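Protein chains: 2
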Amino acid sequence: MRKVKLNVRSNFHIKPEIRILGVDDSALLGKRVKLVGTIFRGGTWLDGVLSSEITRDGKDATKVICRMVKESKHYKQVRVIMLDGVTYGGFNVVDISRLNKATDLPVIVVMRTFPDFKSIKAALRHFKDGAARLRVIKKAGRIEKVSLKERKSPIYIQKAGISLESAIKIVRLSTTRSNIPEPLRVAHMIATGIIFGESRGKA
Amino acid sequence: MRKVKLNVRSNFHIKPEIRILGVDDSALLGKRVKLVGTIFRGGTWLDGVLSSEITRDGKDATKVICRMVKESKHYKQVRVIMLDGVTYGGFNVVDISRLNKATDLPVIVVMRTFPDFKSIKAALRHFKDGAARLRVIKKAGRIEKVSLKERKSPIYIQKAGISLESAIKIVRLSTTRSNIPEPLRVAHMIATGIIFGESRGKA
């Protein structure tokens with residue numbers, strides 16, 4: 343296993359075929375929610391598919407994603423983890439700095455829209471530990487707007503263990519097909535296709 | 343719905359981004375076996391993911407695949423169905439000429455190796471209707487060897503509702519990443535990744 347580095351990588355070399363692990367979740371149909379991981383080479387080829395399960399509104403998302411990444415045969419090739427927001431399976435919050443440290447991989451959080459903190463706070467009032475969950479959400483740090491080329495809508499990102507400059511480079515190079523990076527677009531298609539019989543909506 | 347045509351399409355126009363629906367099955371763990379369908383543009387982009395279930399060693403594969411294809415929102419865009427052999431979920435045999443007629447789409451069967459008919463016959467002796475299943479397998483027609491460019495191993499194909507020439511063109515244009523067409527390579531990764539937690543083996 344690689345040694346744990348706690349600092350941001352300053353000389354992060356980004357190849358066009360950098361291996362990215364994207365994670366999305368399936369719909370909230372029961373108490374258990376499926377997570378789907380895709381291993382992509384940049385924004386082009388799918389190299390592998392992972393899956394796991396978390397508890398709806400539980401507290402196991404960080405641990406489960408960490409285990410899914412580290413137990414994968416692709417772990418040594420993967421250079422960055424990409425998440426679709428920081429809440430999975432309802433309000434099961436991913437602590438991205440903990441995920442970064444435990445996997446020794448940078449984490450990039452991608453969002454289509456700026457998160458609606460008013461609604462998030464209102465929803466978290468129904469949780470006994472809502473304040474603690476909100477702290478983990480806020481700990482994910484500053485939300486940065488990233489413009490994409492051509493007529494694509496901008497997206498929003500957060501990051502852990504990587505510079506903003508490198509994170510933006512990776513997001514741009516992997517956003518080849520739509521206005522969301524391929525690892526997340528495909529993870530979303532798999533997660534919905536497997537649960538509903540046909541993929542739907544947007545990551 | 344489109345009119346059913348029973349004849350081979352003689353003027354089958356093949357664009358580089360021709361929509362292909364590839365179907366693979368998951369491992370035999372229980373009585374129900376998951377089918378995964380991928381909708382690809384040629385050998386490049388994944389446009390959608392479908393899923394369904396068949397019975398292990400049952401007789402519903404043709405009907406289930408037919409329904410999965412026709413009920414998809416991608417049905418009107420799909421130009422060809424690609425199968426990984428003609429037996430799914432054990433010995434649940436797909437009648438490719440029936441699938442071709444019912445969906446009005448050409449069917450191409452892809453195999454990595456020439457099927458071992460001796461073993462197939464031996465296994466089918468354990469089925470009361472083994473002779474009937476063997477007839478459906480043989481009805482899939484002549485098996486053709488297809489060479490792929492570079493140092494790739496040749497593959498074997500069968501077809502229904504399409505000329506051999508067009509089938510070979512489609513197989514070649516969609517085999518971009520390995521020595522199996524992308525729709526089948528990715529369907530296999532999804533089917534194994536979802537069941538085992540990580541994709542494995544070859545389609």
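Chain order of the listed sequences is A and B. Converting from the first sequence to the numbering used here requires adding 342 to each position, the first position being numbered 1. Converting from the second sequence to the numbering used here requires adding 342 to each position, the first position being numbered 1. Note that CB positions come from ideal geometry on N, CA and C, so glycine has one too. This one's a predicted model, so the numbers in the text were calculated from it and none came from an experiment.
Span separating the alpha-carbon of residue i from that of residue j
i                  : j                  : result
Ser-439 of chain B : Arg-374 of chain B : 25 Å
Val-528 of chain A : Arg-361 of chain A : 14 Å
Ile-462 of chain A : Asp-399 of chain A : 13 Å
Met-424 of chain B : Thr-455 of chain B : 16 Å
Ile-479 of chain A : Thr-386 of chain A : 31 Å
Val-346 of chain A : Ala-464 of chain B : Confidence in Val-346 of chain A is poor, its pLDDT being 45 and thus under 50, which makes the residue's placement unreliable; the coordinate value appears in the next sentence. One C-alpha to the other measures close to 55 Å.
Lys-401 of chain B : His-468 of chain B : 15 Å
Ala-395 of chain B : Val-406 of chain B : Note on identity: in this sequence residue 395 of chain B is Glu, with Ala being the wrong assignment. Taking the straight line joining both Cα atoms gives about 7 Å.
Pro-525 of chain B : Ala-473 of chain A : 46 Å
Ile-510 of chain B : Lys-491 of chain B : 12 Å
Val-420 of chain B : His-355 of chain B : 13 Å
Leu-466 of chain A : Ala-369 of chain A : 19 Å
Leu-515 of chain B : Ser-495 of chain B : 15 Å
Gly-539 of chain A : Lys-412 of chain B : 12 Å
Thr-551 of chain B : Thr-397 of chain A : Within the shown structure, residues of chain B are numbered from 343 to 545, placing residue 551 of chain B beyond reach of any answer.
Arg-519 of chain A : Arg-519 of chain B : 18 Å
Of the residues the options, the one placed nearest residue i, counting alpha carbons only
i                  : options                                    : result
Tyr-430 of chain B : B:Ser-541, B:Thr-404, B:Arg-477, B:Gly-503 : B:Thr-404
Pro-523 of chain B : B:Gly-427, B:Gly-372, B:Ala-369            : B:Gly-427
Leu-363 of chain A : A:Ser-505, A:Lys-418, A:His-355            : A:Lys-418
Val-449 of chain A : A:Arg-467, A:Ile-462, A:Leu-506            : A:Leu-506
Met-410 of chain B : B:Thr-380, B:Ile-462, B:Pro-496, B:Ile-479 : B:Thr-380
Pro-358 of chain B : B:Gly-390, B:Ser-461, B:Ile-407, B:Ile-512 : B:Ile-512
Val-422 of chain A : A:Glu-413, A:Arg-383, A:Met-453            : A:Arg-383
Arg-484 of chain B : B:Ile-462, B:Pro-457, B:Ala-465, B:Asp-471 : B:Pro-457
Gly-543 of chain B : A:Gly-543, A:Val-391, A:Ile-360            : A:Val-391
Lys-443 of chain A : A:Phe-459, A:Phe-469, A:Cys-408, A:Lys-460 : A:Cys-408
Asn-521 of chain A : A:Lys-470, A:Leu-476, A:Ile-499            : A:Ile-499
Leu-476 of chain A : A:Phe-459, A:Met-453, A:Ser-508            : A:Phe-459
Leu-441 of chain A : A:Glu-486, A:Ile-504, A:Leu-515            : A:Ile-504
Val-365 of chain B : B:Lys-487, B:Val-378, B:His-355            : B:Val-378
Met-453 of chain B : B:Lys-491, B:Arg-519, B:Lys-487            : B:Lys-487
Cβ neighbour criterion (16 or more within 10 Å) applied to residue i
i                  : result
Ala-482 of chain A : buried
Ser-489 of chain B : exposed
His-530 of chain B : buried
Arg-493 of chain B : exposed
Asp-367 of chain B : buried
Ala-533 of chain A : buried
Ser-541 of chain B : buried
Thr-517 of chain A : buried
Lys-376 of chain A : buried
Phe-433 of chain A : buried
Asp-437 of chain A : buried
Ser-508 of chain B : buried
Met-343 of chain B : Because the pLDDT of Met-343 of chain B is 45, which lies under 50, any placement of that residue in the model is unreliable, and the question is left without a value.
Lys-470 of chain B : exposed
DSSP-derived helix/strand/coil call for residue i
i                  : result
Asp-377 of chain B : Here residue 377 of chain B turns out to be Leu, not Asp, going by the sequence shown. Leu-377 of chain B falls in the strand class under three-state DSSP.
Ala-502 of chain A : strand
Phe-538 of chain A : helix
Arg-519 of chain A : coil
Leu-447 of chain B : coil
Ser-414 of chain A : coil
Gly-390 of chain A : strand
Gly-364 of chain A : strand
Phe-382 of chain A : strand
Met-531 of chain B : helix
Glu-395 of chain A : strand
Lys-345 of chain B : A caution first: Lys-345 of chain B carries a pLDDT of 47, below 50, which makes its placement in the model unreliable, though a value can still be read off. Correct three-state label for Lys-345 of chain B: coil.
Leu-476 of chain A : helix
Ile-510 of chain A : helix
Arg-440 of chain B : helix
Thr-429 of chain B : strand
Glu-486 of chain A : strand
Ile-423 of chain A : strand
Ile-356 of chain A : coil
Cβ separation of residue i and residue j, assumed to be a contact under 8 Å, to the nearest whole Å
i                  : j                  : result
Gly-535 of chain A : Ser-393 of chain B : 6 Å
Lys-389 of chain B : His-416 of chain B : It should be noted that the sequence gives Asp, not Lys, for residue 389 of chain B. So it is a contact: roughly 7 Å between Cβ atoms.
Ile-537 of chain B : Leu-371 of chain B : 7 Å
Val-435 of chain B : Lys-501 of chain B : The Cβ separation is near 16 Å, so there is no contact.
Contact test: residue i Cβ vs the ligand ZN heavy atom, cutoff 6 Å
i                  : result
Met-453 of chain B : No copy of the ligand ZN occurs in the structure displayed, which carries no ligand at all.
Contact list for residue i against chain E, beta-carbon separation under 7 Å
i                  : result
Met-531 of chain A : Chain labels in this structure do not include chain E; the protein chains are A and B.
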